[in-house]
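The next block holds one structure in the form of structure tokens; read it before the comments.
Protein chains in written order, with our numbering: chain F, 71 to 219; chain P, 71 to 219.
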């Protein structure tokens, strides 16, 4: 058991739907595009989720290629998520607000044999923390609502 | 049915575990901290997930406060996720690589009655696309491995 905890804070910006977040010294602004009610000052949270997903897979690939005997000259991943806005914008019953599905395409530049690269793809998916979290969900505990007067 | 699709591309950087991602014109660099094998040039993907989660809740709160009759003077959310690195670093059987649980605390500055704010908290959770995706998981389809020679 080697427990680690990650933390972040997300704060409503001035006006509109802008959100400023911080995590261990790094900042990011998120917003919605204009067609979803924002002013397009940053990626939106669902795009943030895709970026985290693709980045996690790339990191697993980069971290483990050598140990898995894979020649890794380049690696990039296209991610795509589909959603029905009737869920979150309109609250229509039976329509989930979240992603209905997520797709990804892995591009590997490598001289390793094709079969070995397919095995490595499976390895990457099985070890990737974000893939596991998105595929299987996680327990979400809302400990507290703090009302500031 | 109002289908929308979000897309991103994540590309391995030069050396180390750095990843450069793009989504509709916005860029973000992710990396791992030094104790997880990186050079700490950006938040890591699990922190990216938390930031997306907190930002999504803030956006739902900001977007719907007025329609829900809530006085919203300020809103910020602390998020925290726990993980056992034996899963993704060592591949120990029975240890999931992803988040074991996620916690969050909502801070609302408001003059609305307490009971109404607790209702609003439930509303935010029920409508938030990232909360739903993390809590219930989603279908992940790995369509393709493209081998670039």
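Cβ atoms here follow ideal geometry from the backbone N, Cα and C, with glycine treated the same way.
task = Could you spell out where the alpha helix (DSSP H) holding residue 197 (chain P) opens and where it closes?
result = 184 to 197
query = What residue range is occupied by the uninterrupted alpha helix (DSSP H) comprising residue 125 (chain F)?
reply = 115 to 134
ask   = Counting along the chain, where does the alpha helix (DSSP H) carrying residue 156 (chain P) start and finish?
value = 155 to 158
task = Determine the closest residue to residue 149 (chain F) out of F:119, F:94, F:85 and F:143, with distance taken between C-alpha atoms.
result = F:119
key: Closer than 8 Å at the beta carbon, the chain F residues around residue 149 (chain P)   = 77, 78, 79 and 80
request  = To the nearest angstrom, report how far apart residue 155 (chain F) and residue 123 (chain P) are at their CA atoms.
outcome  = 17 Å
task = Would you mind giving the Cβ-Cβ distance between residue 82 (chain F) and residue 141 (chain P), rounded to the nearest angstrom? I have them listed as a contact below 8 Å.
result = That pair is no contact at about 14 Å.
Beta carbon proximity, residue 175 (chain P) to chain F, threshold 7 Å = yes
query = By how many angstroms is the C-alpha of residue 135 (chain P) removed from the C-alpha of residue 76 (chain F)?
reply = 29 Å
inquiry  = At the 7 Å Cβ level, is residue 137 (chain F) part of the contact set with chain P, yes or no?
reply    = no
query = If contact means a Cβ-Cβ distance below 8 Å, which residues of the region 115 to 132 of chain F contact chain P?
reply = 115, 116, 117, 118, 119, 120, 121, 122, 123, 124, 125, 126, 127, 128, 129, 130, 131 and 132
ask   = Which residues share a DSSP beta bridge with residue 152 (chain P)?
value = F:75 and P:171
request  = Would you decide whether residue 102 (chain P) is buried or exposed? Buried here means 16 or more other CB atoms lie within 10 Å of its CB.
outcome  = buried
query = What's the call for residue 128 (chain P), buried or exposed, on a 16-neighbour Cβ count within 10 Å?
reply = buried
query = Taking DSSP as the reference, what is the three-state secondary structure of residue 205 (chain P)?
reply = helix
message = Whole angstroms are fine: how far does the CA of residue 171 (chain P) sit from the CA of residue 213 (chain F)?
response = 12 Å
inquiry  = Quick check: is the beta carbon of residue 191 (chain P) nearer than 7 Å to any beta carbon in chain F?
reply    = yes
Close beta carbons around residue 194 (chain F), own chain, < 6 Å, minus the five adjacent residues each side = 127, 130 and 131
ask   = Just reading off the beta strand (DSSP E) that residue 99 (chain P) is part of, what are its end residues?
value = 96 to 100
query = Candidates P:161, P:199 and P:191: which alpha carbon is nearest residue 166 (chain F)'s?
reply = P:199
ask   = Would residue 197 (chain P) be called buried (16 or more neighbouring beta carbons within 10 Å of its own) or exposed?
value = buried
ask   = From F:117, F:85 and F:73, pick the residue whose C-alpha is nearest to that of residue 105 (chain P); which is it?
value = F:73
ask   = Apart from the five residues on each side of it in sequence, which residues of its chain come closer than 8 Å, Cβ to Cβ, to residue 187 (chain F)?
value = 140, 178 and 180
Per-residue burial, residue 216 (chain F) [other beta carbons within 10 Å of its own, 16 or more giving buried] = exposed
task = Quick one: give me the first and last residue of the beta strand (DSSP E) that residue 165 (chain F) is part of.
result = Looking at the DSSP string, residue 165 (chain F) is not in any beta strand (DSSP E), and its letter there is neither H nor E.
query = What residue does the beta strand (DSSP E) around residue 93 (chain F) start on, and which one ends it?
reply = 89 to 93
ask   = Among the residues of its own chain, which have a CB less than 7 Å from the CB of residue 107 (chain F), if the five just before and after it don't count?
value = 87
request  = Would you kindly check if the distance between the Cβ of residue 147 (chain P) and the Cβ of residue 80 (chain F) is under 7 Å?
outcome  = yes
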